[in-house]
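Participant: Mind looking over this structure? Questions follow.
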Amino acid sequence: MAKQITPRDEDYSRWYIDIVKKAGLADNSAVRGCMVIKPYGYAIWEKMRDQLDLMFKETGHVNAYFPLFIPKSFLSREAEHVEGFAKECAVVTHHRLMNDPHGSGVVVDPDAKLEEELIVRPTSETIIWHTYKDWIQSYRDLPLLINQWANVVRWEMRTRPFLRTTEFLWQEGHTAHTTSQEAEEEAERMHEVYARFCEDFIAMPVIKGAKTDNEKFAGAIETYTIEALMQDGKALQAGTSHFLGQNFAKAFDVKFLNKENKEEHVWATSWGVTTRLIGALVMTHSDDEGLVLPPKLAPIQVVIVPIPKPGDEIDEQAERIRKGLSAKGITVKYDRDDTKRPGFKFAEYEMKGVPVRLAIGKRDLANGVIEVARRDTKEKTSIPLDQILEHVPQLLEEIQENLLQRTRAYRDDHITEVDSWEEFQSVLSDKGGFLSAHWDGTVATEKKIKELTKATIRCIPLDVKQESGKCIYTGEPSTRRVLFAKAY
Numbered sequence: 073m074a075k076q077i078t079p080r081d082e083d084y085s086r087w088y089i090d091i092v093k094k095a096g097l098a099d100n101s102a103v104r105g106c107m108v109i110k111p112y113g114y115a116i117w118e119k120m121r122d123q124l125d126l127m128f129k130e131t132g133h134v135n136a137y138f139p140l141f142i143p144k145s146f147l148s149r150e151a152e153h154v155e156g157f158a159k160e161c162a163v164v165t166h167h168r169l170m171n172d173p174h175g176s177g178v179v180v181d182p183d184a185k186l187e188e189e190l191i192v193r194p195t196s197e198t199i200i201w202h203t204y205k206d207w208i209q210s211y212r213d214l215p216l217l218i219n220q221w222a223n224v225v226r227w228e229m230r231t232r233p234f235l236r237t238t239e240f241l242w243q244e245g246h247t248a249h250t251t252s253q254e255a256e257e258e259a260e261r262m263h264e265v266y267a268r269f270c271e272d273f274i275a276m277p278v279i280k281g282a283k284t285d286n287e288k289f290a291g292a293i294e295t296y297t298i299e300a301l302m303q304d305g306k307a308l309q310a311g312t313s314h315f316l317g318q319n320f321a322k323a324f325d326v327k328f329l330n331k332e333n334k335e336e337h338v339w340a341t342s343w344g345v346t347t348r349l350i351g352a353l354v355m356t357h358s359d360d361e362g363l364v365l366p367p368k369l370a371p372i373q374v375v376i377v378p379i380p381k382p383g384d385e386i387d388e389q390a391e392r393i394r395k396g397l398s399a400k401g402i403t404v405k406y407d408r409d410d411t412k413r414p415g416f417k418f419a420e421y422e423m424k425g426v427p428v429r430l431a432i433g434k435r436d437l438a439n440g441v442i443e444v445a446r447r448d449t450k451e452k453t454s455i456p457l458d459q460i461l462e463h464v465p466q467l468l469e470e471i472q473e474n475l476l477q478r479t480r481a482y483r484d485d486h487i488t489e490v491d492s493w494e495e496f497q498s499v500l501s502d503k504g505g506f507l508s509a510h511w512d513g514t515v516a517t518e519k520k521i522k523e524l525t526k527a528t529i530r531c532i533p534l535d536v537k538q539e540s541g542k543c544i545y546t547g548e549p550s551t552r553r554v555l556f557a558k559a560y
């Protein structure tokens, strides 16, 4: 099966597409730019969704659901917001079809034109803040901490499964607060939740930072981002959290009576991650043999393969192991399919990234051992049968930690300080990764560097220290370094 995958060093983009297809994560759809998420891919998303949902609820948030369609006039109320999304919007203009009077099939009924066009949501700030106006009257109604799991549509010309599609799945949090400080703390809290999730569950280290004014979310005062580094040296924005100030509250006239019985506008945040995280997972860990999954997000954490085929004695031991590991909360599959040879099964589960494979045959049983193979390092060991229920949980933890440490070492090795334009261009071309460089703080310079190199300012790291220097492009004074990179 590995022969069906294009090697990373030959064509990284093709390698990624091959893994998405061969591992059964997603497929093309009849709608250009959209994808079908297959059961195995959706199972990974469910794992991500369920864990994030738990983390949201632990921080006091509740789920709701808002309409897919947004009146066009709503997007006009916040000027910066509509400008940011206008070119990506899908628009509904009619509400009915009719039989074509001149032939077969159907056509749009010209008499069914909507009085006001509807936008298929690219994001939900406008429809949600219109709703919040009726929900918020007093400081007693605040804070309002709501999240929704939904799909959105942003029209894309160049698409890639999970990383950039016209329709994708995500969650979007939208909160309202009595003070600026409380809202800023909320945006920072959710920024931290995202970073913790990526490191603890995806085993993907991220850099926490703030976006420049040119790169921040349309309508936000501040945008916080988590930036990850893929194996080809390109960055990927893995999640964002926005402090919206009072912009949307003023646009939709959302006010509350404070404790002094005075009326004021609420303060807001929004934050979200998407199915792009599946693409990030694929590109962070996988190899030329297929998908590599961190155990915490693997739909199947352990697979048991009988050698050469199932039998009563093998079945008995396999079932004992399956039940014992399942009782510890581990997802185990015993593959009894006797129409496939063991070698085929090994290749199939390697392609799907199953973290641990147990192979058990009559000779193993006679020797009181079982073969244990780990996907991350491809190491194989023989473990006594009476130790397997203790060994496997420890091994899964070890694999999870190894993946994190491996990707962190790669990321850290690909953060390079550069102090001249020549050095910037050289490192970007030859090594890639994050370039830590001084910038004069102007949008003009930021855009010019992007035009010349395709590198963008990924973030201003939150832990960046004040440091005098000169902009790598203009030579103008700078007080801190920012991180540049080519990105998805």
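Its first residue numbered 73, the sequence shown is counted upward by one per residue in the working numbering. We put the CB at the ideal spot given by N, CA and C, even for glycine.
1. Give me the Cα-Cα distance between Phe-565 and Gln-253, rounded to the nearest whole angstrom.
2. Go ahead and pull the three-state DSSP assignment for Lys-185.
3. Using C-beta distances below 6 angstroms, list every residue in its chain close to Asp-90, excluding the 5 sequence neighbours before and after it, in chain order.
4. Does the distance from the C-beta atom of Ser-508 to that of Glu-495 stay below 7 angstroms?
5. Pull up the distance between the alpha-carbon of Ile-432 and that of Pro-366, whole angstroms please.
6. Is it the case that the Cβ atoms of Ala-310 and Val-278 are separated by a distance below 7 angstroms?
7. Once the 5 residues before and after Thr-295 are set aside, which same chain residues still bring their CB inside 6 angstroms of it?
8. Which residue marks the beginning of the beta strand (DSSP E) containing Glu-489, and which one marks its end?
9. Could you have a look at Cys-270 and say whether DSSP puts it in helix, strand or coil?
10. Within this structure, are the beta carbons of Pro-414 and Gly-440 separated by less than 7 angstroms?
11. By how many angstroms is the C-alpha of Tyr-406 removed from the C-alpha of Lys-412?
12. Buried or exposed for Gln-373, please, with buried defined as at least 16 other CB atoms from any protein chain shown within 10 angstroms of its CB.
13. Am I right that Pro-378 and Ala-370 are in contact with their C-beta atoms under 8 angstroms? What's the rounded C-beta distance?
14. Using 8 angstroms as the cut-off, can you tell me whether the stretch 299-310 makes contact with the stretch 187-205, which would need three or more C-beta pairs spanning the two stretches below that distance?
15. Please identify the residue among Glu-118, Val-225, Tyr-114, Glu-150 whose C-alpha is closest to the C-alpha of Val-163.
16. So, using beta-carbon positions, are Asn-330 and Glu-150 closer together than 7 angstroms?
17. What residues are listed by DSSP as bridge partners for Val-178?
18. Just mark Met-229 as buried or exposed, buried being the case when its beta carbon has 16 or more other beta carbons within 10 Å.
19. Under three-state DSSP, which class holds Arg-506?
20. So Leu-147 and Ile-191 are supposed to be a Cβ contact under 8 angstroms. How far apart are they, rounded?
21. So, is Val-265 buried or exposed, given that buried needs 16 or more other C-beta atoms within 10 angstroms?
22. Check this for me: beta carbons of Ala-248 and Ala-340, under 7 angstroms apart or not?
23. Looking at the unbroken beta strand (DSSP E) that takes in Phe-328, where does it start and where does it end?
24. With DSSP as the reference, please indicate the residues paired to Ser-210 in a beta bridge.
25. Would you kindly work out how many angstroms separate the C-alpha atoms of Glu-335 and Ser-210, rounded to a whole number?
26. Near Gln-123, which residues of its chain fall below 7 angstroms by C-beta distance, leaving aside the five closest residues on each side in sequence?
27. How many angstroms separate the CA atom of Leu-316 from the CA atom of Thr-198?
28. With 16 as the cutoff for other CB atoms within 10 Å, does Asp-448 come out buried or exposed?
29. Do three or more CB pairs link the stretch 532-550 to the stretch 504-519 at distances below 8 angstroms?
30. If you run the structure through DSSP and keep just helix, strand and coil, what is Asp-122?
Facilitator: This is what the structure gives:
1. No answer is possible for residue 565: the residues shown for the chain start at 73 and end at 560.
2. In the sequence shown, counting from the first residue as 1, residue 185 sits at position 113. Note: Lys-185 maps to strand in three-state DSSP.
3. Stepping through the sequence shown from its first residue, residue 90 is reached at position 18. Excluding sequence neighbours, Asp-90 sits near Ile-77, Thr-78.
4. One-based indexing of the sequence shown puts residue 508 at position 436. One-based indexing of the sequence shown puts residue 495 at position 423. Cβ distance not < 7 angstroms, so Ser-508 and Glu-495 don't count as in contact.
5. Residue numbering aside, residue 432 sits at position 360 when the sequence shown is read from its first letter. Residue numbering aside, residue 366 sits at position 294 when the sequence shown is read from its first letter. Going by the C-alpha atoms only, they are around 24 angstroms apart.
6. Position 238 of the sequence shown, counting from 1, holds the residue named residue 310. Position 206 of the sequence shown, counting from 1, holds the residue named residue 278. It is a contact, given that the beta carbons lie within the stated cut-off.
7. Numbered from 1 along the sequence shown, position 223 holds the residue referred to as residue 295. Only Lys-283, Lys-288, Phe-289, Thr-312, His-314 meet the Cβ criterion.
8. For the purposes of this step, residue 489 is taken as residue 417 along the sequence shown, with counting starting at 1. Unbroken beta strand (DSSP E) run through Glu-489: 487-489.
9. By one-based count along the sequence shown, residue 270 stands at place 198. Cys-270: helix per DSSP, three-state reduction.
10. On the sequence shown, position 342 is the one that residue 414 refers to. On the sequence shown, position 368 is the one that residue 440 refers to. Contact flag unset, no.
11. Against the sequence shown, residue 412 aligns to sequence position 340. Against the sequence shown, residue 406 aligns to sequence position 334. Cα-Cα distance, rounded: 13 angstroms.
12. What you label residue 373 is simply residue 301 of the sequence shown in a count that begins at 1. Buried, by the Cβ-count rule.
13. As a first step, residue 378 must be located in the sequence shown, where it is residue number 306. As a first step, residue 370 must be located in the sequence shown, where it is residue number 298. Pro-378 to Ala-370, Cβ: 21 angstroms. No contact.
14. no
15. Within the sequence shown, residue 163 is the residue found at index 91, counting from 1. Of the candidates Glu-118, Val-225, Tyr-114, Glu-150, the one whose C-alpha sits nearest the C-alpha of Val-163 is Val-225.
16. Within the sequence shown, residue 330 is the residue found at index 258, counting from 1. Within the sequence shown, residue 150 is the residue found at index 78, counting from 1. Contact flag unset, no.
17. For the purposes of this step, residue 178 is taken as residue 106 along the sequence shown, with counting starting at 1. Val-178 pairs with Asn-171.
18. Here residue 229 is taken as the residue at index 157 of the sequence shown, counted from 1. With fewer than 16 Cβ atoms within 10 Å of its Cβ, Met-229 is classed as exposed.
19. Here residue 506 corresponds to residue number 434 of the sequence shown, with the count starting at 1. Residue identity differs from the one stated: residue 506 is Phe in this sequence, not Arg. Correct three-state label for Phe-506: strand.
20. Counting from one through the sequence shown, the residue named residue 147 turns up at place 75. Counting from one through the sequence shown, the residue named residue 191 turns up at place 119. Right, the Cβ-Cβ distance comes to about 6 angstroms (below 8 angstroms), so this counts as a contact.
21. Looking up residue 265 in the sequence shown gives position 193. Answer is buried; the Cβ neighbour count reaches 16.
22. Here residue 248 refers to the residue found at position 176 of the sequence shown. Here residue 340 refers to the residue found at position 268 of the sequence shown. Yes, these two residues count as a Cβ contact at 7 angstroms.
23. As a working mapping, residue 328 is identified with position 256 in the sequence shown. Its beta strand (DSSP E) spans residues 327-329.
24. Counting from one through the sequence shown, the residue named residue 210 turns up at place 138. Looking at the DSSP output, Ser-210 shares a beta bridge with Leu-329.
25. Here residue 335 corresponds to residue number 263 of the sequence shown, with the count starting at 1. Here residue 210 corresponds to residue number 138 of the sequence shown, with the count starting at 1. The alpha-carbon atoms of Glu-335 and Ser-210 are separated by roughly 9 angstroms.
26. Sequence index remark: in the sequence shown, residue 123 carries index 51 (1-based). Taken in chain order, the residues that qualify are Phe-269, Phe-273.
27. Taking the first residue of the sequence shown as position 1, residue 316 is located at position 244. Taking the first residue of the sequence shown as position 1, residue 198 is located at position 126. Here the alpha carbons of Thr-198 and Leu-316 stand approximately 12 angstroms from one another.
28. Locating residue 448 in the sequence shown gives position 376, where the first residue counts as 1. Residue burial is scored here from C-beta neighbours: Asp-448 has at least 16 other C-beta atoms within 10 angstroms and is therefore classed as buried.
29. yes
30. Against the sequence shown, residue 122 aligns to sequence position 50. Three-state DSSP puts Asp-122 in a helix.
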